[in-house]
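For the record, in the sequence shown the residue sitting at position 33 is 33 according to full-length UniProt numbering, with numbers rising by one throughout. We put the CB at the ideal spot given by N, CA and C, even for glycine. This structure is a prediction, so every number in the text was calculated from the model and none was measured.
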Amino acid sequence: MAAVTDSKIPYTRMDVCNRSLETVKHSRNLGMEVLSAEEEGVRVRLPWREDLVGNPDTGVLHGGAVFAMMDQAGGMANSCRLYPNFEITPTIDFRVDHLHAPTPGKAVVCHASCYRLTDHVTFVRLTTWEEGKEDGEPVATGLATYTRMKIDKNGRVVS
């Protein structure tokens, strides 16, 4: 009788996303947190902090911080879709529509979903809301494309 091998993958989508946050310094500095990581997409939270405010007179989160969170979420959406395989997916193009300013003092949450894969490119939709208002009007929406860079067993890029 043949031996049965354990084919269970030793890491989850959430593990991959949390590792991504740990290894990207600006993501750590911004205080991002992965709320969920599924094949259908990822949800990432950016806290409101005074040092992330763009205009001290309004107290609104800086659009660049929101953009950085969305781009990181897009990369993690790729990881969730490609799981259990791992690829590096640098951003090719990213369009964000900032629809309205989030309320001062409120965190924002982004949902990112990789909706199409080709051999060389991924396509991602992103929507960001004020935390607790995920059923309301988005703060920002975005579309992004990323290059697929496959990694061999030795950790080298092969495409």
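Check                                                                                                                                                   : Outcome
Just verifying my parser: in three-state terms, what is the DSSP assignment at G63?                                                                     : helix
Going along the chain, which residues of its own chain have a beta-carbon closer than 8 Å to the beta-carbon of H98, five neighbours each way excluded? : G63, V66, V139 and A140
How long is the line joining the alpha carbons of E130 and Y146, rounded to whole angstroms?                                                            : 26 Å
Mind checking P120: buried by the 16 CB within 10 Å criterion, or exposed?                                                                              : In the sequence under discussion, the amino acid at residue 120 is His, which differs from the Pro named in the question. Exposed, since its Cβ has fewer than 16 Cβ neighbours within 10 Å.
Based on Cα-Cα distance, which residue from A73, R45 and F86 lies nearest to F94?                                                                       : A73
Here's the rule I'm using: 16 or more other beta-carbon atoms within 10 Å means buried, otherwise exposed. How should L117 be labelled?                 : exposed
Roughly how many angstroms separate the alpha carbons of V158 and I151, rounded to a whole number?                                                      : 6 Å
Once the 5 residues before and after residue 164 are set aside, which same chain residues still bring their CB inside 6 Å of it?                        : Lying outside 1 to 159, the shown extent of the chain, residue 164 is not represented and no answer is given.
Counting C-beta neighbours from all protein chains within 10 Å, is the total for D71 16 or more, i.e. buried, or is it exposed?                         : buried
If you measure between the beta carbons of P104 and G59, is that distance less than 8 Å?                                                                : yes
Does the Cβ of R49 have 16 or more other Cβ atoms within 10 Å, making it buried, or fewer, making it exposed?                                           : exposed
For C110 versus T128, is the C-beta distance shorter than 8 Å?                                                                                          : yes
Based on Cα-Cα distance, which residue from G142, Y83, N18 and V53 lies nearest to E40?                                                                 : Y83
DSSP state of I103, grouped into three classes?                                                                                                         : The sequence shown places Thr at residue 103, not Ile. Coil at T103, not helix or strand.
Rounded C-beta distance between M69 and V34? I'm assuming under 8 Å.                                                                                    : That belief does not hold up - the Cβ atoms of M69 and V34 are roughly 11 Å apart, past 8 Å.
Taking a contact to mean a Cβ-Cβ separation below 8 Å, would you say R43 touches S36 in this structure?                                                 : yes
Under 8 Å by Cβ, that's how I've got L126 and G142 pegged, so tell me the actual separation to the nearest angstrom.                                    : 4 Å
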